[in-house]
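Residue numbers (the working numbering): 1 to 131.
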C-alpha cells in the first residue's frame with residue numbers, strides 16, 4: 001500500500017465520521033425548523049382573534065372616551081352652577097343675618113319705647129291725680 005492510498009483511506013474514513021456526526025445534527029435542525037414552523041402557525045392562528053378582540057376593545061374605549069369628553073362640559077357647567085348656588089346661599093345667609101339683627105334691634109327699641117311710654121303715662125297719671 002502506498003502513501004497515497006493510505007491518505008485516501010484516512011480521508012474516506014474522516015468523511016464517513018464527519019457524515020455520521022452531521023446526520024443527527026441535520027435531523028435535529030430539521031425537527032427544530034418544523035417545530036418553529038408549527039409554533040409560528042399556532043401563534044398566527046391564536047394572534048389573529050386576539051388582535052380582532054383588541055381592535056374591538058380599542059373601539060369601545062374610543063367610544064367611552066368620546067362619551068366622557070362629551071359629558072365633561074356638562075360636569076363643568078354643573079359645577080359652575082353649584083358654585084353660583086353656593087354664592088347665592090351665602091348672600092341669602094348674610095341678608096338673613098342682617099334682617100335678624102335689624103329685627104333684634106327693633107325689638108329692643110320697641111321694648112324700650114313701651115317701658116318709657118308706660119313710665120311717662122304713670123308719671124302723667126300721678127301728676128294729674130295729684131293736681
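We put the CB at the ideal spot given by N, CA and C, even for glycine.
All values reported here derive from a predicted model rather than from experimental measurement.
(request) Below 6 angstroms CB to CB, which residues in the same chain sit around residue 17 once its five sequence neighbours on both sides are set aside? (result) none
(message) By the three-class DSSP mapping on this structure, what secondary structure does residue 2 have?
(response) coil
(request) Would you tell me roughly how many angstroms separate the C-alpha atoms of residue 74 and residue 80, rounded to the nearest one? (result) 10 angstroms
(request) Look at the alpha carbon of residue 59 and the alpha carbon of residue 47, and state the distance between them as a whole number of angstroms. (result) 18 angstroms
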